[in-house]
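Asks: Numbering (the working numbering), first residue to last: 8 to 719. Built from N, CA and C at the ideal position, the CB exists for glycine as well.
(1) Leaving aside the five residues before and after residue 263 along the sequence, list all residues of the same chain whose C-beta is less than 8 Å from its C-beta, in chain order.
(2) Between which two residues does the beta strand (DSSP E) harbouring residue 129 extend?
(3) What does DSSP give as the partner residue(s) for residue 156 in the beta ladder?
(4) What does residue 135 pair with, by DSSP beta-bridge criteria?
(5) So for residue 572, helix, strand or coil by DSSP?
(6) So who's on the other strand from residue 353, going by DSSP bridges?
(7) Please name the residue, chosen from 673, 613 and 704, that lies closest to residue 635 on a Cα-to-Cα basis.
(8) Taking just the CA atoms, how far does residue 49 sit from residue 405?
(9) Taking just the CA atoms, how far does residue 421 sit from residue 314?
(10) Quick check for students: name the residue ranges of the beta strand (DSSP E) that lie wholly in the region 401-485, counting only runs of 3 or more.
(11) Could you spell out where the beta strand (DSSP E) holding residue 609 opens and where it closes?
(12) What is the DSSP secondary structure of residue 644, reduced to helix, strand or coil?
(13) From residue 92 to residue 693, what distance separates their C-alpha atoms?
(14) Would you say residue 123 and residue 255 are within 9 Å of each other, going by their C-beta atoms?
(15) Put residue 319 into one of helix, strand or coil per three-state DSSP.
(16) Between residue 90 and residue 386, what straight-line distance do the alpha-carbon atoms span, to the nearest angstrom?
(17) Should residue 611 go down as buried or exposed, given a rule of 16 or more other Cβ atoms within 10 Å for buried?
(18) To which residues of the same chain is residue 357 closer than 8 Å at the C-beta, ignoring the five residues directly before and after it?
(19) How many Å lie between residue 61 and residue 671 at the Cα?
(20) Quick check on residue 340: does DSSP put it in helix, strand or coil?
(21) State the Cα-Cα distance for the pair residue 324 and residue 686, rounded to the nearest angstrom.
(22) Can you tell me where the beta strand (DSSP E) holding residue 331 begins and where it ends?
(23) Could you give the DSSP three-state label for residue 215: helix, strand or coil?
(24) Let's see if you can read the secondary structure: which residues bound the beta strand (DSSP E) around residue 303?
(25) Is residue 519 buried or exposed, if buried means 16 or more other CB atoms sit within 10 Å of its CB?
(26) Using only CA atoms, which one of 541, 660, 303 and 266 lies nearest to residue 169?
(27) In angstroms, rounded to a whole number, what distance separates the CA positions of residue 186 and residue 614?
(28) Just to confirm the assignment, what range does the alpha helix (DSSP H) spanning residue 701 have?
(29) Candidates 18, 540 and 113: which alpha carbon is nearest residue 593's?
(30) For the alpha helix (DSSP H) containing residue 240, list its first residue and its last residue.
(31) In this structure, does DSSP put residue 105 in helix, strand or coil?
(32) Is the number of C-beta pairs between the region 675-690 and the region 639-649 that are closer than 8 Å three or more?
(33) Which word fits residue 97, buried or exposed, when buried means at least 16 other C-beta atoms lie within 10 angstroms of its C-beta?
(34) How many angstroms separate the CA atom of residue 334 from the CA atom of residue 47?
(35) Taking just the CA atoms, how far does residue 327 sit from residue 111?
(36) Measuring alpha carbon to alpha carbon, tell me which of 23, 586, 129 and 463 ends up nearest residue 290.
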């Protein structure tokens with residue numbers, strides 16, 4: 008990892024926390040991962056490296072303290088009696104040796120003291136905990152976020168590998184933990200059956216891989232659906248237990264096997280590092296022929312008394328580690344490069360490949376990430392490439408074997424393939440984005456959802472489900488269409504829908520004169536969040552004044568020679584600085600100014616905006632700020648507040664003439680900290696920023712004359 012300066016470390020940790028949390032949600036809750044295990048592991052390792060270098064910047068929501076993702080959806084949430092932890096990873100033999108050395112150091116053992124380890128395949132499935140009381144299965148939970156899981160008891164009872172009653176002398180309470188998975192052959196048969204049963208093969212549901220199939224099948228609302236899916240189970244440990252009938256990991260796993268639960272046939276005990284690594288290589292050699300997907304080998308200290316002494320860190324035990332396999336590779340031909348447009352407008356190049364088998368799956372597509380990655384690889388249609396299924400999830404191209412062959416270069420498109428709007432790239436960024444935010448089909452549902460959200464226009468009764476339904480049924484395609492909805496069209500959508508339709512139309516009509524700051528935020532302009540929208544509304548007061556400023560900025564932009572395919576970051580940066588001078592608003596820097604003006608430079612956006620303004624009129628904003636000790640200062644609220652909401656606190660601050668920011672920087676003047684405040688307090692101490700508690704803040708507000716929101 009490239010060394011990072013302390014000034015940038017806090018911001019990067021915040022980005023990593025949000026990004027890793029999102030991928031945890033996609034993997035553990037939605038069963039729809041967007042990145043490979045290897046890419047996910049790289050993010051986690053980057054986070055750990057920054058935290059190790061700057062421990063005072065560790066966040067309260069650090070990924071290093073998180074396990075999985077909070078459960079969400081239709082299944083009941085149940086707290087685990089004993090936390091279900093994750094495992095630290097090793098990617099090289101040297102890291103396994105270091106793991107063993109750490110164990111010896113922690114236990115104060117000699118460097119050459121024998122420490123027996125167990126080794127077994129790491130199955131790529133869904134973690135599950137089975138609670139047996141007096142030998143009878145009473146509850147089954149998914150891992151969830153490690154503290155709280157989902158109740159899948161009824162579904163688990165349909166899995167043939169999991170007995171309802173254990174045999175033999177079983178402790179009164181014993182939780183068996185393991186993986187619910189789907190064998191490769193069963194996965195292929197399931198996809199084939201779903202295809203055959205579909206009325207329209209083109210719309211048939213197909214699972215991406217056995218792990219997704221297993222997770223989706225286990226977490227069904229209807230246990231009958233789970234019963235029709237070929238799920239299996241393999242035990243690898245335990246949770247709460249009234250007694251433990253063994254002294255070692257291996258012997259206890261053998262006891263679990265004797266009670267009637269399946270345990271890996273490849274589970275062994277090894278007395279040395281060389282022995283466990285030899286077993287790792289043997290399993291890796293058999294990987295393709297195994298009936299289930301695996302992504303590594305798990306090592307555990309064998310003696311249970313040593314496990315107890317070693318304990319755990321925030322998210323993982325000190326006595327276990329997962330030794331991951333390198334990604335499998337294959338060669339194929341790059342046929343074409345297509346551009347996919349994401350819900351936020353990001354343009355992602357996708358390689359279309361001649362079909363090739365890798366890791367037991369036929370691959371026809373692979374991500375190319377961005378324009379810089381294409382340039383690094385030098386790939387063009389017709390090239391022979393090396394493909395890798397990293398983490399057995401998302402394929403990626405890692406090498407171009409024919410880059411020296413003379414062939415026309417491939418150029419990133421200058422416009423969005425979905426709507427024709429200009430493709431823009433900000434200074435210092437690698438991603439190109441569609442600038443047609445209000446009209447691009449790929450972005451419309453997300454933009455519409457944002458437009459009606461609580462901190463934007465806040466239209467009561469118009470949530471995500473309604474937005475999606477109305478869009479897919481052709482009722483709305485742009486924000487203006489929301490205000491063109493009729494009671495007649497809505498009434499027909501529900502039985503006895505007259506009252507519902509009338510209430511929704513009334514809620515929409517109530518937003519035909521939205522406050523200027525909410526309107527600006529609702530447009531979904533990149534980098535223009537709530538705080539920036541308020542800053543702009545405070546600076547210009549009316550839509551007419553704001554639009555006049557934009558027209559002046561557009562003239563400046565037009566005067567700068569800036570071709571759509573421009574890649575000169577220096578020119579872009581200079582343009583951005585000049586635009587920021589025109590916008591002339593506290594809190595609005597070059598990056599925000601460039602994004603703001605780019606939005607209005609796109610004719611498609613202007614046309615959609617004109618349609619919207621025919622339906623509503625943004626209200627002038629008058630911020631009646633009182634003179635106070637914080638007038639003109641930048642404030643940050645952090646931690647929990649007991650007597651008022653975060654929104655109310657922001658309104659109080661603005662009433663007193665202050666600006667509220669979301670992060671701490673050298674420009675921050677005051678921090679109001681409640682219980683649970685973490686890294687922001689550390690940053691404040693480093694920068695010498697004054698910190699007060701909630702009581703002091705309320706006293707300041709009272710002294711300034713009470714709390715009232717901004718006048719509109």
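Replies: So, from the data block:
(1) What you label residue 263 is simply residue 256 of the chain shown in a count that begins at 1. Once the five neighbours on either side are set aside, the close Cβ partners of residue 263 are 183, 242, 245 and 270.
(2) Mapped onto the chain shown, residue 129 falls at position 122. From DSSP, the beta strand (DSSP E) with residue 129 extends over 124-130.
(3) Taking the first residue of the chain shown as 1, we reach residue 156 at position 149. Per DSSP, 85.
(4) Taking the chain shown and counting its residues from 1, one reaches residue 135 at position 128. According to DSSP, which records beta bridges pairwise, residue 135 is partnered with 149 and 185.
(5) Position 565 of the chain shown, counting from 1, holds the residue named residue 572. A caution first: residue 572 carries a pLDDT of 37, below 50, which makes its placement in the model too unreliable to give a value.
(6) Residue mapping note: residue 353 aligns to position 346 of the chain shown, counting from 1. According to DSSP, which records beta bridges pairwise, residue 353 is partnered with 440.
(7) Locating residue 635 in the chain shown gives position 628, counting from the first residue. Residue 635 has its Cα closest to that of 704, out of 673, 613 and 704.
(8) Your numbering for residue 405 matches position 398 in the chain shown. Your numbering for residue 49 matches position 42 in the chain shown. For residue 405 and residue 49, the gap between their C-alpha atoms comes out near 16 Å.
(9) Counted from its first residue, the chain shown places residue 314 at position 307. Counted from its first residue, the chain shown places residue 421 at position 414. Cα to Cα, residue 314 sits roughly 58 Å from residue 421.
(10) Counting only runs of 3 or more, we get 401-407 and 439-441.
(11) Along the chain shown, read from residue 1 onward, the residue named residue 609 stands at position 602. Here residue 609 belongs to no beta strand (DSSP E), and DSSP marks it neither H nor E.
(12) Along the chain shown, read from residue 1 onward, the residue named residue 644 stands at position 637. Three-state result, residue 644: strand.
(13) Residue mapping note: residue 92 aligns to position 85 of the chain shown, counting from 1. Residue mapping note: residue 693 aligns to position 686 of the chain shown, counting from 1. Residue 92 and residue 693: Cα-Cα distance of roughly 34 Å.
(14) Counted from its first residue, the chain shown places residue 123 at position 116. Counted from its first residue, the chain shown places residue 255 at position 248. Cβ atoms of residue 123 and residue 255: closer than 9 Å.
(15) As a working note, residue 319 is residue 312 in the chain shown. Under the three-state reduction of DSSP output, residue 319 falls in the strand class.
(16) As a first step, residue 90 is located in the chain shown; it is residue number 83 there, counting from the start. As a first step, residue 386 is located in the chain shown; it is residue number 379 there, counting from the start. So the two alpha carbons sit approximately 47 Å from each other.
(17) Looking up residue 611 in the chain shown gives position 604. If you draw a 10 Å sphere on the C-beta of residue 611, you find 16 or more other C-beta atoms in it, and that means buried.
(18) Reading the chain shown from its first residue, position 350 is the one you call residue 357. Around residue 357: 344, 345, 346, 347, 372, 373, 374 and 375.
(19) The count along the chain shown starts at 1 and reaches residue 61 at position 54. The count along the chain shown starts at 1 and reaches residue 671 at position 664. About 16 Å.
(20) Residue numbering aside, residue 340 sits at position 333 when the chain shown is read from its first letter. Reduced to three states, the DSSP call for residue 340 is strand.
(21) As a working mapping, residue 324 is identified with position 317 in the chain shown. As a working mapping, residue 686 is identified with position 679 in the chain shown. If I take the Cα positions, the gap works out to 25 Å.
(22) By one-based count along the chain shown, residue 331 stands at place 324. Residue 331 -> beta strand (DSSP E) spans 327-331.
(23) The residue you call residue 215 lines up with position 208 of the chain shown. When secondary structure is reduced to three states using DSSP, residue 215 falls in the coil class, being assigned neither helix nor strand.
(24) For the purposes of this step, residue 303 is identified with residue 296 of the chain shown, where counting begins at 1. Per DSSP, the continuous beta strand (DSSP E) segment holding residue 303 begins and ends at 301-308.
(25) Locating residue 519 in the chain shown gives position 512, counting from the first residue. Under this definition residue 519 is an exposed residue.
(26) In the chain shown, residue 169 corresponds to position 162, counting from 1. Nearest C-alpha to residue 169: 266.
(27) The sequence position of residue 186 within the chain shown is 179, counting from 1. The sequence position of residue 614 within the chain shown is 607, counting from 1. Between the C-alpha atoms of residue 186 and residue 614 there is a straight-line separation of about 54 Å.
(28) As a first step, residue 701 must be located in the chain shown, where it is residue number 694. Segment 701-710, the alpha helix (DSSP H) holding residue 701.
(29) For the purposes of this step, residue 593 is identified with residue 586 of the chain shown, where counting begins at 1. Considering only alpha carbons, the answer is 540.
(30) Indexing the chain shown from 1 puts residue 240 at position 233. Not the alpha helix (DSSP H): residue 240 falls in the beta strand (DSSP E), residues 239-248.
(31) Indexing the chain shown from 1 puts residue 105 at position 98. Under the three-state reduction of DSSP output, residue 105 falls in the helix class.
(32) Per the Cβ contact rule, the region 675-690 is in contact with the region 639-649 (3 or more Cβ pairs under 8 Å).
(33) Counting from one through the chain shown, the residue named residue 97 turns up at place 90. By the Cβ-count criterion, residue 97 is buried, with 16 or more other Cβ atoms from all chains shown falling within 10 Å of its own Cβ.
(34) Reading the chain shown from its first residue, position 327 is the one you call residue 334. Reading the chain shown from its first residue, position 40 is the one you call residue 47. Cα to Cα, the separation comes out at about 13 Å.
(35) Taking the first residue of the chain shown as 1, we reach residue 111 at position 104. Taking the first residue of the chain shown as 1, we reach residue 327 at position 320. Distance between the alpha carbons of residue 111 and residue 327: 13 Å.
(36) Looking up residue 290 in the chain shown gives position 283. Distances from the alpha-carbon of residue 290 to those of 23, 586, 129 and 463 put 129 closest.
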